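A.B. asks: What follows is a single structure, and I will ask about it in a moment.
Protein chains: 2
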Amino acid sequence: MVQHNSLYRDEHLEVDFQRNLVTLDSAALVLTRKEFELLALLVANACEIVPRDVLLMRVWGYSREIRTRTLDVHIRRLRKKLSRYGDQYIETIFGVGYRFQRYREPSRIPSYLPTFMATVA
Amino acid sequence: MVQHNSLYRDEHLEVDFQRNLVTLDSAALVLTRKEFELLALLVANACEIVPRDVLLMRVWGYSREIRTRTLDVHIRRLRKKLSRYGDQYIETIFGVGYRFQRYREPSRIPSYLPTFMATVA
DNA sequence: AGCCGGTTTTACATTTCTTTTACAAGTTAA
DNA sequence: TTAACTTGTAAAAGAAATGTAAAACCGGCT
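Keeping their order, the protein sequence lines are chains A and B.
According to the working numbering, the first sequence holds residues 31 to 151 in order.
According to the working numbering, the second sequence holds residues 31 to 151 in order.
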């Protein structure tokens, strides 16, 4: 069964799950196998928390209880390659795992102000 | 088996017990694990007093007789994160414990006056 | 063998979360 | 009222997770 339209896309990032292609600001992003698998898994579950165990299981085949820092290292490389969007795209959920977030235009409006007031600032 | 409707909601606060999500005035409230567990336990027993022992037992696994101020500290952090509703939501029952109260619109009518007189003030 | 790209480990720094400490402030009972 | 006790609070200490750079490892290649 062939799945069509299997790609993620937002303002800056594009991930083609079929062809293992990633594009950042319309420039190809070269990722290693593990880096791609990790990113793909996170992006496939965009906006949802993916626990460390799940990542370690699905990307590395590690069962729980295996103590390793390789996940963190790969996360770091991904963030680096995502350059200035790295931290925004890949959010760490302390004690749980990571979450990929869709790109959102940064708002200069303080979020604690009601919308109708914010137009002034 | 998926349990539906496992959430609390009032005018300002929303607690999703399933997903560990809390929203204050429709803005996500980031809580640590302990903070969430504490709030969840209180909210789950809304309008009822939850004794300190119970909180310390269910959230920390502490048996009675353990002298600690960590509960108070966490209560404080919760109140702070609930910002201006903190004191209203989390009520202290001296010598017993705490009670979460549903939000009630503050009335500018002195409560010691009969309603029909209050229209003048 | 030696090189090379990819991956993992190591060791330490940093950050985040939790608990304790010490004291202030509030409450109750005598 | 004071004395005993409870809760509030800020700051320090402690514990644990994550970030990071660099070294070590590993398999495929020439």
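Where a beta carbon is used, it is the ideal one built from N, C-alpha and C, also for glycine.
Values in this document were obtained by computation on a predicted structure and should not be read as measured data.
With DSSP as the reference, identify every bridge partner of residue 54/A, one or two as the case may be.
C.D. replies: In DSSP, residue 54/A forms a bridge with 43/A, 57/A.
A.B. asks: Just to confirm the assignment, what range does the beta strand (DSSP E) spanning residue 153/B have?
C.D. replies: For chain B, the structure presents residues 31 to 151; residue 153/B sits outside this window and is missing.
A.B. asks: Out of 111/B, 87/B, 112/B, which one is the CA nearest neighbour of residue 101/B?
C.D. replies: Considering only alpha carbons, the answer is 87/B.
A.B. asks: Report the rounded CA-to-CA distance for residue 170/B versus residue 119/B, giving the unit in angstroms.
C.D. replies: This structure cannot settle anything about residue 170/B, because the visible part of chain B is limited to 31 through 151.
A.B. asks: Indicate the three-state DSSP secondary structure (helix, strand or coil) for residue 146/B in the structure shown.
C.D. replies: Residue placement at residue 146/B is poorly supported in this model, since its pLDDT is 41, which falls under 50; the coordinates are not used for a value here.
A.B. asks: Are residue 108/B and residue 41/B close, meaning C-beta to C-beta below 8 angstroms?
C.D. replies: Contact: no.
A.B. asks: How big is the Cα-Cα spacing for residue 134/A and residue 80/B?
C.D. replies: Near 41 angstroms, if we compare the C-alpha coordinates of residue 80/B and residue 134/A.
A.B. asks: Drop a sphere of 10 angstroms on the beta-carbon of residue 126/B, count the other beta-carbons inside from all chains shown, and report buried for 16 or more, exposed for fewer.
C.D. replies: Its Cβ having fewer than 16 others within 10 Å, residue 126/B is exposed.
A.B. asks: Since residue 61/B and residue 43/B are thought to touch, with beta carbons under 8 angstroms apart, how far apart are those beta carbons, to the nearest angstrom?
C.D. replies: About 12 angstroms separates the two Cβ atoms, so there is no contact after all.
A.B. asks: Determine the burial state of residue 103/B: buried for a count of at least 16 other Cβ atoms within 10 Å of its Cβ, exposed for fewer.
C.D. replies: Per the 10 Å Cβ criterion, exposed.
A.B. asks: Which same chain residues end up closer than 6 angstroms to residue 56/A when comparing Cβ atoms and leaving out the 5 residues on each side of it in sequence?
C.D. replies: Cβ within range, chain order: n/a, list empty.
A.B. asks: Give me the Cα-Cα distance between residue 122/B and residue 96/A, rounded to the nearest whole angstrom.
C.D. replies: Taking the straight line from one Cα to the other gives about 44 angstroms.
A.B. asks: For the beta strand (DSSP E) that residue 80/B lies in, which residues bound it at each end?
C.D. replies: Run containing residue 80/B: 79–81, per the beta strand (DSSP E) assignment.
A.B. asks: Under the rule that 16 or more other beta-carbon atoms within 10 Å means buried, what is residue 124/B, buried or exposed?
C.D. replies: When all chains shown are included, residue 124/B counts as exposed.
A.B. asks: For residue 36/A and residue 46/A, what's the separation of their Cα atoms in angstroms?
C.D. replies: Their Cα atoms are separated by approximately 7 angstroms.
A.B. asks: Identify which residue in 93/A, 70/A, 91/A has its Cα closest to the Cα of residue 105/A.
C.D. replies: Answer by Cα proximity: 70/A.
A.B. asks: Secondary structure at residue 116/A, three-state DSSP: helix, strand or coil?
C.D. replies: Residue 116/A falls in the helix class under three-state DSSP.
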